[in-house]
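Counting the sequence shown from 1 gives a position; our numbering is that position plus 17.
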Amino acid sequence: MDRRIYLLGLGAFAVSTVAFLFSGLLPLIADDIGVSVAQAGYLVTAYSMSYALFTPVLAAVTGRFDRRYVVGGALAAFVGGMMLTAFSQSIGILVLAQVITGMAAGLFAATGQGIAVTLSEPAQRAKAISMVVSGTTFAVALGAPLGSFLAHYAGWRAGFGAVGAVAFICLIALLSLLPRNLPGARLSLSERLSVVREPGVARLILMTFIFMASAFLVVGYLGPIVTEGAGMAPDMLPVVLVVYGIGAILGNYCSGRLTDRIGARRMVIASLLTSVVCSLLLAAILLWLPSAIAGPVLMITLFLWAFVGWVYPPAQISRLVAQAPGAAHLSLALHASAIYLGIAAGTFIGGRVLELAPPFALGPAACIIAAVPLLMVLGERSPRAVPGPTAA
């Protein structure tokens with residue numbers, strides 16, 4: 018495989034680490050800048066909302082420009098956002114930094130996958146896209162725990178500085194190695210959004226939005242869940258993130274095989290049902306177990322939750338592609354935006370919950386939200402998600 022595709026994967030790793038890095042750093046950030054953990058959680062909301070809303074717009078605006086300069090500009094803006102984050106002294110500047118970072122990360126993700134396709138032979142294109150997308154998986158498994166570990170010993174600013182440094186290395190390398198005049202997809206915003214008119218596409222994308230909101234209502238606030246809720250020491254948080262990351266990698270790895278064996282719809286049902294159960298277990302652990310037992314049981318529950326959570330996206334993507342095979346590139350782009358819009362909604366709701374109740378309350382809230390897409394898929398009229406696309 019072309020070595021430049023590995024660089025794109027490394028860049029995806031860097032820009033994707035941010036959303037997950039916050040999970041372990043919110044208490045440190047809150048203490049440093051003098052806000053509550055719930056208020057600090059709005060930083061994730063700002064990043065994810067910016068990513069979700071601006072990615073389709075920026076992709077349409079920059080479609081006619083050389084991909085080399087677009088990906089370079091996106092990484093440069095991302096590095097600037099990380100540096101602004103590392104040196105911010107107020108919540109307002111931090112929110113601004115996350116808006117910039119989210120816009121840049123979304124544009125890089127959209128552009129990077131297109132470049133990977135351009136640089137690959139037709140038979141290698143799926144593998145090339147997988148390499149870039151895998152950067153997100155490793156951001157959960159490695160980026161978040163390593164960044165959290167660094168932040169707990171060198172300060173939270175060092176964690177974001179390290180992410181910015183990795184992105185800067187990718188920026189220099191890609192500008193040096195990518196050819197000029199790489200073509201882009203010249204599609205207007207309305208053309209990019211037109212796929213939602215395909216039967217069933219909007220429903221599946223909505224399901225993912227709601228599911229991600231339920232997941233990040235908890236994942237976004239692992240810091241207070243682990244320390245305040247389960248009574249674990251703060252230096253155990255990177256360990257918890259490693260456990261969660263391993264579960265995510267295994268879930269992502271097993272999803273394809275499990276989906277092939279039992280079918281995408283059944284896989285989605287199993288994932289959503291297990292997520293509902295895990296959210297209730299979370300509340301029970303934090304409410305009724307002593308801290309000596311709560312910690313280990315919580316880690317097992319989070320491992321299972323990560324596994325089923327990362328089984329869901331590939332299975333749902335399989336269903337989405339089946340609904341509109343001829344417009345998969347458009348539906349998958351909107352699906353990615355729905356993921357980050359869900360993260361934004363989940364962290365916002367989670368912040369509100371923490372302002373009103375202890376960490377255990379995040380579990381029932383996540384359960385209620387996760388039950389919505391579960392009821393949606395159970396209510397489908399047939400094993401297929403919704404009626405298939407009409408014949409041309």
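Glycine included, every Cβ here is placed at the ideal spot set by N, Cα and C. No experiment lies behind these values; they were computed from the predicted model shown.
Closer than 8 Å, CB to CB, is residue 311 near chain D or not? The structure shown contains no chain D, having only a single protein chain.
Once you ignore the five residues that flank residue 402 on each side, which residues in its own chain have a CB closer than 7 Å to its CB? Summary for residue 402: the model assigns pLDDT 42, below 50, so the residue's position carries little reliability; its value from the coordinates is reported in the next sentence. Excluding five sequence positions before and after residue 402, the CB atoms of its chain that fall closer than 7 Å to its own CB belong to 217, 221, 282, 336 and 340, given in chain order.
Which stretch, first to last residue, makes up the alpha helix (DSSP H) that contains residue 79? Neither: residue 79 is in no alpha helix (DSSP H) and is coded neither H nor E.
Inter-residue spacing [alpha-carbon to alpha-carbon] between residue 107 and residue 234: Computed Cα separation, rounded: 24 Å.
Counting Cβ pairs, one atom from each stretch, are 3 or more of them under 8 Å apart for the segment 203-212 and the segment 53-71? no
Kindly indicate which three-state DSSP category residue 116 falls into: helix, strand or coil? helix
Indicate whether residue 316 and residue 394 have their beta-carbon atoms separated by less than 8 Å. no
How many Å lie between residue 22 and residue 304 at the Cα? 47 Å
On the premise that residue 360 lies in contact with residue 74, defined as a C-beta separation below 8 Å, what is that separation, rounded to the nearest angstrom? At roughly 18 Å, the Cβ-Cβ gap does not stay under 8 Å, so residue 74 and residue 360 are not in contact.
Compute the distance between the beta-carbons of residue 33 and residue 153, then report whether it is under 8 Å. yes
Could you give the first and the last residue of the continuous alpha helix (DSSP H) run that contains residue 86? 84-104
What's the C-alpha gap between residue 38 and residue 162? 7 Å
Could you spell out the range, first to last residue, of the alpha helix (DSSP H) harbouring residue 333? 308-340
Classify residue 170: buried if its beta carbon has 16 or more other beta carbons within 10 angstroms, exposed otherwise. exposed
Nearest-angstrom Cα separation, counted from residue 184 out to residue 388: 38 Å
Check residue 247 in the structure and name its three-state DSSP category. coil
Rounded straight-line distance, which links the Cα of residue 247 to that of residue 104: Here the alpha carbons of residue 247 and residue 104 stand approximately 32 Å from one another.
Excluding five sequence neighbours on each side, which residues of the same chain lie with their C-beta closer than 6 Å to the C-beta of residue 115? Contacts found: 60, 63 and 64.
Check whether the segment 265-272 and the segment 320-332 are in contact - that is, three or more C-beta pairs closer than 8 Å. yes
For residue 140 and residue 29, which I take to be in contact (beta-carbon distance under 8 Å), what is that distance rounded to the nearest angstrom? Going by Cβ atoms, the distance from residue 140 to residue 29 rounds to 22 Å, so no, they are not a contact pair.
At which residue ranges does the segment 239-306 contain complete alpha helix (DSSP H) runs of 4 or more residues, listed in the order of the chain? Listed in chain order, the complete alpha helix (DSSP H) runs (minimum 4 residues) inside the segment 239-306 are 254-279 and 281-305.
Hey, is the segment 41-49 in contact with the segment 171-191, meaning 3+ C-beta pairs nearer than 8 Å? yes
Since residue 19 is in the alpha helix (DSSP H), which residue starts that stretch and which ends it? Element bounds for residue 19: n/a, residue is neither H nor E.
Residue 84 and residue 199: beta carbons closer than 8 Å? Between residue 84 and residue 199, the gap from beta carbon to beta carbon is short of 8 Å.
Return the Cβ separation of residue 99 and residue 118 in integer angstroms, given the expectation that the two are a contact with Cβ distance under 8 Å. 7 Å
Buried versus exposed call for residue 195 [16 or more other C-beta atoms within 10 Å across all chains shown]: Residue 195 is buried by the Cβ-count criterion.
State buried or exposed for residue 215, treating a residue as buried only when at least 16 other CB atoms are found within 10 Å of its CB. buried
DSSP on residue 137, reduced to helix/strand/coil? coil
Report the rounded CA-to-CA distance for residue 264 versus residue 318, giving the unit in angstroms. 10 Å
Can you have a look at residue 164 and say buried or exposed, based on whether 16 or more other CB atoms are within 10 angstroms of its CB? buried
Please determine, among 89, 50, 131 and 260, the residue with the shortest C-alpha to C-alpha distance to residue 160. 260
Looking at the unbroken alpha helix (DSSP H) that takes in residue 375, where does it start and where does it end? Segment: none, residue 375 is in no alpha helix (DSSP H) and carries neither H nor E.
Nearest to residue 367 (by Cα), restricted to the options 353, 334 and 385: 385
Pull up the distance between the alpha-carbon of residue 134 and that of residue 157, whole angstroms please. 24 Å
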